Every structure is written in C-alpha cells, then in structure tokens.
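Enquirer:
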Amino acid sequence: MQKNTTSHTPSFRLNYLVLLSLCSICFTSFAEQTDTKQRYQLNEHGDLIRTPEQIATRKANMAAAKLLPVAPVAFPSDKQLIDFFLPIPRQSKNQPGRLWGSDAVQMRDPANGLESSAPDYCYWDGQIVKADDGKYHMYASRWDQSYPHGKGWKVGSKAIHAVSDKAIGPYKDTGLAWPYWQDGKGHNVIGLRLKDGRYAIVSSEITPGNVFVSDKPDGPWDYLGEIQTAATKLNDTEAATGLARYPWNGFMSNVMIRIRHDGRYMITPRSTAPLISESGVLGPYTIAGTRAYAEIEGFPQHFVEDPTLWYSGGMYHMVVNHHPTNRSYHLTSENGIDGWKNRGIAFTKDQDIFKYDDGTVVKWRVIQRPTAYLENGTVSHFLFSVIDVGKGQDRGNDKHCSKIVVVPFDGKAFDKYMQSLIEKEKQQNTKSTLD
C-alpha cells in the first residue's frame, strides 16, 4: 500500500516495459541456449552447476532487475503495510555490553526473537505456533557458526524447536526437532497446527518437502512423509515447470502451508503459485493457478521469493520480496488463487522496520523470510531473518551472524483499513462502469 505519487505516463510505462522485456529476453535466451543436460548438472550438495554463459546471463538479469521502477498500484492508497508495524518492546532493559555484529546492530535487543549470544549458531526462517498451554513455539533452522552463510544453509542447516512465554521472545532453543532423520537436516522450516489438532513442522529447499508431526508442540516428532503433487495436465506441462518444485532436483522451496478459509490445505511455494490439497497436509496438491504476480501489469517477473500468505479481514494477503531492488510488495486476492492485485510496497530494507519503544532504530544489512504470525484471526507479529552484513561477508567463526527478529503488528487496524480501501475501490469501479 502506498501513495500513488508516481505519474504513470506513457513514457514511464514504455521505459518500464523496455526494462521488463530486457529481463524476459535474458531469461528466454537462458532457456534456449542451454540444453537440458547443462541446465540440470548438480554438484555433490545438490546445487545447480551453471556454465560461465549461464552465470553471465544471470548477472545481466540481475543488473536489469535492479533498474526496475516501483510497480504501479491497483488502487491509490495513503498507507503502506509498514505503517501498521508497532514499536518493538525491549525485553532486555540493560544492554549486556558488546554484542556480535557490526556497529549498526549493537543497539538491538538480544532478547527479541531467537538469537545465539556467543554466537554458537546462526538462525534462519521461523514460524510461531501458540500451544494450548499459552506458550509460543517457534520452528526454525540453524547451522553452526563455523560455517559461512553461503555454505551453512546448504550443508549444515537443521530444524529446531524453540519456546517462549511471549510472542516477542526471548525464545529458548530446545534442540533439534528430528535428530534421527538425516542428522536433523532441515531448511525453510515452518510450523503449523493441523486440522486434527496435531502439530506439524515442514522442511524444504534442501529436502524435497517433508512433514513431521507430533501430538505435542515440543515433540517428539514422527516422520509423516513427503509432500506429493498431483499428476494433472497443468502440473505436467512445460509451462508449469518450477511452479511447485525445482525442475533440476524435484525439491520444493519456500514452502508456506496455510489452512484456507474453506478448510483445504494450501501451499504457497517460492513461485507463489497456489497448490491445493483436497485431502491431508501431504496432498496430493494440485497446481490451481500460476504465479500470483504473473498477470499484474508492470510487476517484476523474476527474482521474486520468500512469499508469506495469510487470510484476514475477509481476504488473502501475500508479501513477496524482490531482492534485486530490496522491495517487498503487498498483494491481495479474494480467493487466494487468482485475481491478485498489487497494493504497493509493503516495506523496503531502508525503512525503519526495526524501531524500538525507546525510539532506537536498528538497520540490518540483510532482511529476508518475512512471515506473518496470526492470533485470533489477525496478524499480531511479523518474523524476519536478518544478518548484520551482506551474505558474502558473513563468514565462519567471525563476529557476524544471523538471527530471527519478531516485530509487533496492528492487525486489527490493518484489516479495518484494507476493508475500507477495497470498498472504495469497488465504488470507484462501479462509478466507472456507470460512466
């Protein structure tokens, strides 16, 4: 949501379309100039091996994507999603001295969210589930701080459980969720409550897309199985490649599972395409549509990731990150499947996302994996995975690391505002039709 301050003149749209076309040409060239064998060569860790030509193409794509202007909004708005973020209450009243990290993050609250003080571990991902006993359980990933970031999440990432008396934290790491299964391996870790009342943890990105369940929020966790996708025409077409899984190894990525308002399980993966299960949490899931942003005029079509999805105020919301421009966009849909509209910038990395109740603002260098936590049907907090330096600068056994930050959110005011905005949009559309 944002003010419609940009004048979308014909020249503006032409320049935008030219940049968008350059990106599309690069990606089309990438697909046409490389054969299947080259595209899907993997190393010992399962990572895609790119040829020098592919690497050059990707760099060109990234350079073009960085020049893209802000995508035009569907309807003018005077507020952004970030306007509903609330100041972070400090849990640590006395700063414990020098913390790990750069000078820019020294004034953070180490008792917020999930953080390793030494640091012994680097934390990533994170989703909160409130249990029947009133405690807050976070499911996340971690790797040993001896790894640099770029290697840690690929080869050392493991799924963990943490618990707190408050949603804001501090969270205590209670250990690996499933040490018996591939030594605890897990990434893109999320948690949820199933329809039958059981608790579930999901891993993807470095695993195919696996689900573990327990009758208790702190485990023990039993392996339920691998998420299945149905064999339908859309799933099998070349156009659907990458909508549900990586084509080179069949792994799912950035999996977000929600129970829809109609009771069905829905996965929002990295692609943002809706995957619907008519049965259980394992599926089979059918690809019910294309990427959420595919038909939004002027919206970036590449380098979009980390979607978080939720239903509140009678509509579906999605926040997705376009990392070349460090912009996260807010989209809405009536049914969560199609008809998505761009509501503008949710937040940017340069904005004051991490503002404390004493007025202190902390600037993290990397801000990813935004995840909405809902309580009583509205969003009450957002979780972020953050690093104090660039990913390439976060090396092993140094003073730099990653943690999970929890930011309060005024979900009731947000829902009320969005309902009002949608009503104004409908009235405007009705008036335009009559005119």
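In case it helps, mature numbering (1 follows the signal peptide of the UniProt record, and there is no 0) puts the sequence shown at residues -31 to -1, 1 to 404.
Even glycine gets a Cβ: it sits at the ideal position worked out from N, Cα and C.
This structure is a prediction, so every number in the text was calculated from the model and none was measured.
For residue 366, is the classification buried or exposed, using 16 other Cβ atoms within 10 angstroms of its Cβ as the cut-off for buried?
Expert: By the neighbour-count rule (16 or more Cβ atoms within 10 Å), residue 366 is not buried but exposed.
Enquirer: Which whole-angstrom value describes the C-beta separation of residue 222 and residue 238, a residue pair presumed to lie in contact below a C-beta threshold of 8 angstroms?
Expert: Residue 222 to residue 238, Cβ: 6 angstroms. Contact.
Enquirer: Which word fits residue 88, buried or exposed, when buried means at least 16 other C-beta atoms lie within 10 angstroms of its C-beta?
Expert: Burial call: buried.
Enquirer: Tell me the DSSP secondary structure of residue 387 in three-state form.
Expert: Reduced to three states, the DSSP call for residue 387 is helix.
Enquirer: Determine the DSSP secondary structure at residue 321, reduced to helix, strand or coil.
Expert: In this structure, residue 321 counts as coil in the three-state DSSP scheme.
Enquirer: Evaluate contact between the segment 135 to 142 and the segment 78 to 92, counting only Cβ atoms and requiring at least three cross-stretch pairs below 8 angstroms.
Expert: Flag = yes, the segment 135 to 142 and the segment 78 to 92 touch.
Enquirer: Name the residue from 327, 402, 337 and 364 whose alpha carbon lies nearest to the alpha carbon of residue 60.
Expert: Per the Cα distances, 327.
Enquirer: Nearest to residue 179 by alpha carbon, out of 169, 381 and 130?
Expert: Residue 179 has its Cα closest to that of 169, out of 169, 381 and 130.
Enquirer: Buried or exposed: where does residue 32 fall if 16 or more other Cβ atoms within 10 Å of its Cβ makes it buried?
Expert: With fewer than 16 Cβ atoms within 10 Å of its Cβ, residue 32 is classed as exposed.
Enquirer: Can you have a look at residue 401 and say buried or exposed, based on whether 16 or more other CB atoms are within 10 angstroms of its CB?
Expert: That one is exposed.
Enquirer: Give the straight-line distance between the Cα atoms of residue 391 and residue 267, rounded to the nearest whole angstrom.
Expert: Straight-line Cα distance between these residues: approximately 21 angstroms.
Enquirer: Alpha carbons only, please: which of 133, 20, 291 and 99 is nearest the one belonging to residue 316?
Expert: Of 133, 20, 291 and 99, the residue nearest in Cα terms is 291.
Enquirer: In the DSSP output, what is residue 82 paired with across the bridge?
Expert: According to DSSP, residue 82 bridges with nothing at all.
Enquirer: Give the range of the alpha helix (DSSP H) segment to which residue 26 is assigned.
Expert: From DSSP, the alpha helix (DSSP H) with residue 26 extends over 21 to 35.
Enquirer: Can the beta-carbon of residue 380 be found closer than 8 angstroms to that of residue 354?
Expert: No, these two residues do not count as a Cβ contact at 8 angstroms.
Enquirer: Starting from the C-beta of residue 399, find all residues in its chain whose C-beta is less than 6 angstroms away, skip the five residues before and the five after it, and write them out in chain order.
Expert: Same-chain partners within the cutoff: there are none.
Enquirer: So residue 405 packs on residue 384, CB below 8 angstroms; how close in whole Å?
Expert: Since the displayed the chain opens at -31 and closes at 404, residue 405 lies outside it and no answer follows.
Enquirer: Between 42, 351, 389 and 46, which has its C-alpha nearest residue 57's C-alpha?
Expert: For the residues 42, 351, 389 and 46, the minimum Cα distance to residue 57 belongs to 351.
Enquirer: Across which residues does DSSP place residue 397 in a beta bridge pair?
Expert: In DSSP, residue 397 forms no bridge with anything.
Enquirer: Count the other C-beta atoms from every protein chain shown that fall within 10 angstroms of the C-beta of residue 26, then say buried if there are 16 or more, exposed otherwise.
Expert: Residue 26 is buried by the Cβ-count criterion.
Enquirer: Please check the pair residue 112 and residue 133, which I expect to be a contact at CB under 8 angstroms, by giving their CB distance rounded to whole angstroms.
Expert: Their Cβ separation, rounded to whole angstroms, is 21 angstroms, which puts residue 112 and residue 133 out of contact at 8 angstroms.
Enquirer: Quick check: the Cα distance between residue 274 and residue 67, rounded to an integer number of angstroms?
Expert: Each residue's alpha carbon lies about 34 angstroms from the other.
Enquirer: Can you pull the DSSP bridge partners for residue 142?
Expert: Beta-bridge pairing links residue 142 to 131.
Enquirer: Check for me: the beta strand (DSSP E) holding residue 296 runs from which residue to which?
Expert: Start and end: 296 to 302.
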